[in-house]
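**Student:** Below you'll find the structure I mean.
Chains as they are written, first to last, in the numbering used here: chain A, 3 to 341; chain B, 178 to 517.
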């Protein structure tokens with residue numbers, strides 16, 4: 003039976019998370035086995051005592067068959083035990099949870115701007131494909147695909163901070179001397195707003211601008227292109243001709259087309275969200291942001307393997323949840339999607 | 178007949194030759210025909226020629242770059258942090274190495290890593306994709322294998338590309354070889370899917386049925402008839418992938434998970450320059466980034482042009498190919514039949 007029942011759809015889509023999670027856990031588990039030699043020695047670091055190495059061996063079950071090791075790994079992960087970072091000395095999960103909000107804030111603001119501006123530009127291009135906007139965006143698209151995000155970030159720092167002093171130095175989320183707002187969500191912009199801490203709010207806003215500009219510039223092209231092409235084909239559809247012929251006002255016609263052009267744009271926004279997380283790894287490093295991206299890079303440079311592993315798992319789960327939201331969004335945008 | 182040098186021996190007696198099979202017989206003639214028609218296309222799309230120029234220049238520099246550098250690219254000198262001048266066109270870095278020499282020498286590393294990664298990915302993707310397409314829907318063990326392969330590709334694609342590559346390289350050890358493998362791995366699903374989709378269409382063609390009818394073995398049908406006629410999408414994608422692979426290589430090296438200094442590599446030179454950006458020594462980071470962007474830009478333009486050039490729905494607008502060739506493609510006339 004084909005129905006458009008939201009509850010049933012969400013339930014079925016949630017059930018799909020189980021095989022996805024198993025897939026992710028297999029991949030991340032196999033990652034650890036990429037390590038050359040005895041992972042226990044590598045994970046424990048150079049300063050480990052033999053006892054510590056033995057403890058890690060036992061923890062990972064390295065003396066047992068691969069399948070049993072996998073079961074142990076999954077058991078540990080389900081208990082929130084991602085191991086210990088030898089660099090910070092904390093549990094990896096604690097480190098990650100502490101840093102996740104900063105990253106989520108960074109990539110989500112970029113995504114919101116990309117969605118709004120990208121769709122707007124896409125509509126403008128579709129309405130007037132030979133206009134100035136279309137030409138400018140075409141040039142931008144060619145450029146943005148070729149420029150590396152980390153380099154754009156550095157150029158922006160050089161011009162807008164070093165030369166013009168318009169923005170604060172790329173040293174974290176707040177000015178020195180500004181205390182972080184009371185933690186509610188962990189995202190400084192939102193927390194400072196909620197606690198009416200205007201000093202922190204202004205500081206955090208100013209620190210956000212350069213990294214956001216970098217991410218938006220590099221990752222908006224895909225969304226604009228998809229919005230433009232999807233809107234273009236929607237505008238050529240028969241129902242739009244009917245709407246025009248019936249004498250609907252132009253903005254109403256455009257709106258009607260936009261509604262029908264949105265589903266593919268939503269998919270691309272989901273993909274962009276996942277890409278933004280990858281971009282955050284580089285951008286956070288440049289701006290000393292202190293999120294999980296920078297944490298991952300520190301882990302890489304210091305061979306802190308369990309921390310890398312924890313970051314990859316977080317990124318995979320994040321991507322999985324984003325695609326879940328995209329699918330649910332499709333269901334509500336497109337009445338033809340059935341259970 | 179648009180090919181002037183086609184001899185009379187290729188007369189009416191033989192089956193009409195498709196481009197791929199004539200390639201086996203007369204590669205020179207085929208190459209000549211393809212090259213001239215591609216250049217004719219380029220005249221209408223100067224963008225494509227620009228891209229072609231950049232990629233050829235990069236390829237040449239990749240070979241001769243290290244030979245023509247004015248200074249040894251990995252030797253420290255006392256001329257540290259000099260701004261660009263006539264002696265050091267792009268200035269020097271904090272260890273006194275000449276940036277111009279390093280940027281030039283880096284073409285070789287970046288291009289060879291990106292191209293070998295793409296090549297590995299291309300070969301594996303085409304072979305696996307052809308097999309998966311050929312045997313999909315047949316049932317039995319091959320079906321299970323080809324479906325399983327697709328699910329594994331799903332899993333790889335569900336990770337953000339940069340993060341997946343980062344995990345692969347950092348856990349297996351940062352080295353050029355592991356970057357190549359990471360590039361091959363993260364791009365495999367795209368090549369595989371493109372080829373599989375093309376094969377699904379090709380295998381329904383009459384000439385495949387004919388080949389099967391004459392009793393050819395699966396392997397031979399795949400290698401001689403299916404793959405040559407389904408390779409185009411993957412080929413077009415390869416150029417774009419090389420650009421992406423250069424970005425990936427430099428991104429990984431930038432954070433220390435790729436090629437390590439002092440080996441000249443664009444991303445790692447930019448990494449050296451990144452801390453000097455806020456103190457005003459811009460030249461260390463800016464120039465390698467320009468070189469990197471330019472070459473990625475070139476590969477993207479070529480890929481874009483090839484896609485348009487080979488797209489049958491757009492080819493009408495560029496009526497530059499041989500008319501017969503064009504008709505053969507559009508009517509899906511058999512071009513894989515080899516006289517047995």
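Where a beta carbon is used, it is the ideal one built from N, C-alpha and C, also for glycine.
Using a 10 Å radius around the Cβ and a threshold of 16 neighbouring Cβ atoms, would you call residue 210/B buried or exposed?
**Tutor:** Buried, because 16 or more other Cβ atoms sit within 10 Å of the Cβ of residue 210/B.
**Student:** Which residues, in order along the stretch 322 to 339 of chain B, keep a beta-carbon less than 7 Å from a beta-carbon of chain A?
**Tutor:** Listed by position along the chain: 332, 335, 336, 337, 338 and 339.
**Student:** So with Cβ pairs under 8 Å, would you call residue 314/A a contact of chain B?
**Tutor:** Residue 314/A counts as touching chain B.
**Student:** Should residue 198/B go down as buried or exposed, given a rule of 16 or more other Cβ atoms within 10 Å for buried?
**Tutor:** Its pLDDT being 49, under 50, residue 198/B is placed unreliably by the model, and the measurement read from it follows with that caveat. Burial call: buried.
**Student:** Assuming residue 171/A and residue 285/A form a contact by the criterion Cβ under 8 Å, report the distance between their Cβ atoms to the nearest whole angstrom.
**Tutor:** Not really, about 15 Å apart at Cβ, beyond 8 Å.
**Student:** Report the option in 75/A, 158/A, 184/A and 209/A whose CA atom is closest to the CA atom of residue 177/A.
**Tutor:** The shortest C-alpha separation from residue 177/A is found at 209/A.
**Student:** Which first and last residues belong to the alpha helix (DSSP H) in which residue 193/A is found?
**Tutor:** 190 to 196 is the span of the alpha helix (DSSP H), which, as asked, contains residue 193/A.
**Student:** Do residue 431/B and residue 203/A have their C-beta atoms closer together than 8 Å?
**Tutor:** Taking 8 Å as the Cβ cut-off, residue 431/B and residue 203/A do not qualify as a contacting pair.
**Student:** Return the chain-ordered list of same chain residues with a C-beta closer than 7 Å to the C-beta of residue 227/B, the five sequence neighbours on each side being excluded.
**Tutor:** For residue 227/B, where only same-chain residues beyond five positions count, the Cβ hits under 7 Å are 478.
**Student:** May I ask you to list the residues that DSSP assigns as paired with residue 269/B?
**Tutor:** Note: residue 269/B sits in a beta bridge opposite 275/B.
**Student:** Please list, in chain order, the chain A residues whose beta carbon lies closer than 7 Å to that of residue 459/B.
**Tutor:** The answer, in chain order, is 160.
**Student:** Going along chain A, which residues have a C-beta under 9 Å from residue 473/B?
**Tutor:** Simply 147, 148, 149 and 150.
**Student:** For the stretch 349 to 363 of chain B and the stretch 322 to 330 of chain B, state whether three or more C-beta atom pairs, one from each stretch, are separated by less than 8 Å.
**Tutor:** Cβ pair count under 8 Å is below three, so no.
**Student:** Cβ atoms of residue 273/B and residue 292/B: under 8 Å apart, would you say?
**Tutor:** Contact: no.
**Student:** I need the DSSP call for residue 188/B, collapsed to helix, strand or coil.
**Tutor:** Low confidence applies here, because residue 188/B scores a pLDDT of 38, under 50, leaving its location unreliable; read the following figure in that light. Note: residue 188/B maps to coil in three-state DSSP.
**Student:** Closer than 8 Å, Cβ to Cβ, to anything on chain B: give me those residues from the stretch 266 to 295 of chain A, in chain order.
**Tutor:** The residues in question are 276, 277, 279, 280, 281, 283, 284, 287 and 288.
**Student:** Along the stretch 426 to 455 of chain B, where does the CB come closer than 8 Å to a CB of chain A? Name the residues.
**Tutor:** Cβ contacts with chain A come from 427, 428, 431, 432, 433, 434, 444, 447, 450, 451, 454 and 455.
**Student:** Using the Cα positions of residue 337/B and residue 157/A, report the straight-line distance between them to the nearest angstrom.
**Tutor:** The alpha-carbon atoms of residue 337/B and residue 157/A are separated by roughly 25 Å.
**Student:** With respect to the alpha helix (DSSP H) encompassing residue 402/B, which residues constitute its N-terminal and C-terminal limits?
**Tutor:** Segment: none, residue 402/B is in no alpha helix (DSSP H) and carries neither H nor E.
**Student:** Which class does residue 434/B belong to by DSSP, given the choice of helix, strand or coil?
**Tutor:** In the structure shown, residue 434/B sits in coil (DSSP, three-state: anything other than H, G, I, E or B).
**Student:** Run through chain A and tell me which residues come within less than 9 Å of residue 420/B, C-beta to C-beta.
**Tutor:** Here the neighbours are 147 and 148.
**Student:** Taking 8 Å as the cut-off, does the stretch 457 to 474 of chain B touch the stretch 371 to 390 of chain B (at least 3 CB pairs, one atom from each stretch)?
**Tutor:** The answer is no - the stretch 457 to 474 of chain B does not touch the stretch 371 to 390 of chain B, with fewer than three Cβ pairs under 8 Å.
**Student:** Can you tell which of 242/B, 365/B and 279/B has its C-alpha closest to the C-alpha of residue 439/B?
**Tutor:** The residue with the shortest Cα to Cα distance from residue 439/B is 279/B.
**Student:** Which residues of chain A have a Cβ atom closer than 8 Å to the Cβ of residue 477/B, listed in chain order?
**Tutor:** Correct list: 144, 147 and 148.
**Student:** Check the Cβ-Cβ distances between residue 480/B and every residue of chain A, and say whether any is below 8 Å.
**Tutor:** It does not: the Cβ of residue 480/B has no partner Cβ on chain A nearer than 8 Å.
**Student:** Residue 14/A: which of 227/A, 338/A, 330/A and 281/A sits nearest, CA to CA?
**Tutor:** Of the listed residues, the one whose Cα sits closest to residue 14/A is 330/A.
**Student:** Using only alpha-carbon positions, find the residue among 266/A, 268/A, 241/A and 269/A that is nearest to residue 256/A.
**Tutor:** Checked all of 266/A, 268/A, 241/A and 269/A; the closest Cα to residue 256/A is 241/A.
**Student:** Tell me the residue span of the alpha helix (DSSP H) that contains residue 6/A.
**Tutor:** Note, residue 6/A: premise wrong, no alpha helix (DSSP H); not H, not E.
**Student:** With DSSP run on the structure shown, which of helix, strand or coil describes residue 93/A?
**Tutor:** In this structure, residue 93/A counts as strand in the three-state DSSP scheme.
**Student:** Determine the burial state of residue 522/B: buried for a count of at least 16 other Cβ atoms within 10 Å of its Cβ, exposed for fewer.
**Tutor:** Past the edges of chain B, shown from 178 to 517, lies residue 522/B, and the structure says nothing about it.
**Student:** Answer with yes or no whether the minimum CB distance from residue 64/A to chain B is below 8 Å.
**Tutor:** It does not: the Cβ of residue 64/A has no partner Cβ on chain B nearer than 8 Å.
**Student:** Going by alpha carbons, who is nearest to residue 109/A out of 339/A, 281/A and 288/A?
**Tutor:** Selected option, being the one with the closest Cα: 281/A.
**Student:** Identify every run of the alpha helix (DSSP H) within the stretch 408 to 490 of chain B, keeping only runs that are complete inside it and at least 4 residues long; order them along the chain.
**Tutor:** Segments of the alpha helix (DSSP H) lying fully in the stretch 408 to 490 of chain B: 409 to 431, 443 to 451 and 460 to 487.
**Student:** Using a beta-carbon distance below 8 Å, is residue 470/B in contact with chain A?
**Tutor:** So yes, residue 470/B belongs to the interface.
**Student:** Between the Cα of residue 352/B and those of 435/B, 423/B and 412/B, spot the shortest distance and give me the residue it belongs to.
**Tutor:** Out of 435/B, 423/B and 412/B, 435/B has the C-alpha closest to the C-alpha of residue 352/B.
**Student:** How far does the alpha helix (DSSP H) with residue 73/A in it extend, from its first residue to its last?
**Tutor:** Unbroken alpha helix (DSSP H) run through residue 73/A: 68 to 80.
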